[in-house]
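As structure tokens, the structure follows; a few thoughts come after it.
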Amino acid sequence: MTTTRTIPGIRSAKRRDGAEPLVMVTAYDAPSARVATEADVDVILVGDSLAMVVLGYDDTLQVSIDDIAYHVAAVCRAEPTAVVVGDLPWMSFHVSTTDTVHNGATLIRAGASCVKLEGGAKRVPMVDALISAEIPVMGHIGLTPQSANVMGGFKVQAKEAEAAHRMVDDARALQEAGCFAIVIEGVPDTVGKMVTEALDVPTIGIGAGGDTDGQVLVYHDVIGLENRFKPKFVRRYGTAFEDQARALSCYATDVRTAAFPGPDETYKAADQLNEALGLYGSEPAPQ
Ligand code: KIV
């Protein structure tokens, strides 16, 4: 029996207080949400990684709030027991707090119970505005893919002490503003640990070492459906690409050799119907 997760439950899941590490995975549609529910994950993120792993773009900048809302709704139709986080995409929280709240509301109305946004202390006004509108917020610091052009690519962040201290300040500012959890992406392990120790809310790492309060990975990476590029921080637990290719190629062979459909996959016509149609079995009735 899986338990339905809540935001307060996630907020209190600090490992140093005895909590188990949080399990978060992305999902973008109803079948993947059903699988995630079967696996009893704590948090499902409908991430803007959608752009890259599902829609075939080279970065995450190509998806809009309506794209994310469409996929949040699909995930929520599966009635997952995990907390569903709707990712605020690029330009949905960068212009004004008013826009930010309206965009956050779009994801909540699509079924998410909270939103995630990228960036540190400079996002505090947006976090404040969302929380004032009763929208819980998850922060996201470190390697923030929406800033890839500014960072010069998808690069490990906070490799120097000053940047590591700045990251702790960013995380504290987000916590102070009311974020209930913070994703830390692409930082050295000691920085992941330092940020985690500095906070009372849980941290969820992706490429941030083993000392965060939880881990998040992209669904297609975990199941091995994404088989082109494997970042260092990914562990593949399946061979979905090969499994699915094998299944489709067996199907293709069976169709081409007329081995499919067989009797088991066929609605056999009743003799009565065949007779009425002037057929006997699949042959014309004998004269
Ligand atoms: O969009 C996403 O999948 C994410 C995770 C990598 C944290 O933001």
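Counting the sequence shown from 1 gives a position; our numbering is that position plus 49.
Every residue, glycine too, gets a C-beta built ideally from N, C-alpha and C.
Less than 8 Å between the beta carbons of Ala257 and Asp218, yes or no?
No, Cβ-Cβ distance for Ala257 and Asp218 is not below 8 Å.
Are Ala88 and Ala76 touching if we call contact CB-CB under 8 Å?
Remark: C-beta atoms of Ala88 and Ala76 do not approach each other more closely than 8 Å.
Comparing alpha-carbon positions, which option in Lys204, Val176, Gly263, Cys163 lies nearest Glu69?
When the alpha-carbon of Glu69 is set against those of Lys204, Val176, Gly263, Cys163, the nearest one is in Gly263.
Should Pro57 be labelled buried (16 or more other beta-carbon atoms within 10 Å of its own) or exposed?
With fewer than 16 other Cβ atoms within 10 Å, it is exposed.
Have a look at Lys317 and Pro310 and give me their C-alpha separation to the nearest angstrom.
If you draw a straight line from the Cα of Lys317 to the Cα of Pro310, it is about 12 Å long.
Unbroken alpha helix (DSSP H) run spanning Cys228, endpoints
Note, Cys228: premise wrong, no alpha helix (DSSP H); not H, not E.
Where does Leu104 sit, in a helix, a strand or coil, going by DSSP?
Correct three-state label for Leu104: coil.
Terminal residues of the continuous beta strand (DSSP E) containing Leu166?
Taken as a continuous stretch (DSSP letters only), the beta strand (DSSP E) holding Leu166 covers 163 to 167.
Checking the sheet assignment: what are the DSSP bridge partners for Ile93?
Its beta-bridge partners are Val74, Val133.
Looking only at DSSP bridge pairs, what is Leu266 linked to?
The bridge partners DSSP lists for Leu266 are Val74.
From Val176 to Glu183, what distance separates their C-alpha atoms?
If I take the Cα positions, the gap works out to 11 Å.
Closest to Thr109 by C-alpha separation, out of Val265, Pro194, Glu234, would be which residue?
Per the C-alpha coordinates, the member of Val265, Pro194, Glu234 positioned closest to Thr109 is Pro194.
Would you check if the distance between the CB atom of Val102 and the CB atom of His269 is smaller than 8 Å?
Yes; because the gap between Cβ atoms is below 8 Å, this pair is in contact.
Tell me which same chain residues have a C-beta within less than 8 Å of the C-beta of Ala334, skipping the five on either side of it?
The predicted position of Ala334 is uncertain, since its pLDDT is 49 and thus under 50; a value taken from the coordinates is nonetheless stated next. If we look at Ala334 and ignore the five residues flanking it on each side, its Cβ neighbours are Asn323, Glu324, Gly327, Leu328.
Could you give the distance in angstroms between the alpha-carbon of Thr252 and the alpha-carbon of Asp107?
Those two C-alpha atoms are separated by around 27 Å.
Check whether Val240 and Ala213 have beta carbons under 8 Å apart:
Yes, the pair counts as a contact, with Cβ atoms nearer than the cut-off.
For Thr261, which residues from the same chain have a beta carbon less than 7 Å from its beta carbon, with the 5 sequence-adjacent residues on both sides left out?
Closer than 7 Å at the Cβ level, and outside the excluded window around Thr261, lie Ile233, Gly241, Thr245, Thr252, Ile253, Gly254.
Option nearest Gln224 by Cα separation, candidates Ala161, Tyr119, Val124, Gly168:
In terms of Cα proximity to Gln224, the closest of Ala161, Tyr119, Val124, Gly168 is Gly168.
Given a threshold of 16 other Cβ atoms within 10 Å of its Cβ, counted over all protein chains shown, does Thr51 qualify as buried or as exposed?
By the 10 Å Cβ count, Thr51 comes out exposed.
Going by C-alpha to C-alpha distance, which of Leu297, Val271, Pro280 sits closest to Gly287?
Here the closest residue by C-alpha is Val271.
Between which two residues does the beta strand (DSSP E) containing Val84 stretch?
Taken as a continuous stretch (DSSP letters only), Val84 belongs to no beta strand (DSSP E), being part of the alpha helix (DSSP H) at 79 to 87.
Backbone CA spacing between Ile117 and Ser196 [nearest angstrom]:
If I take the Cα positions, the gap works out to 18 Å.
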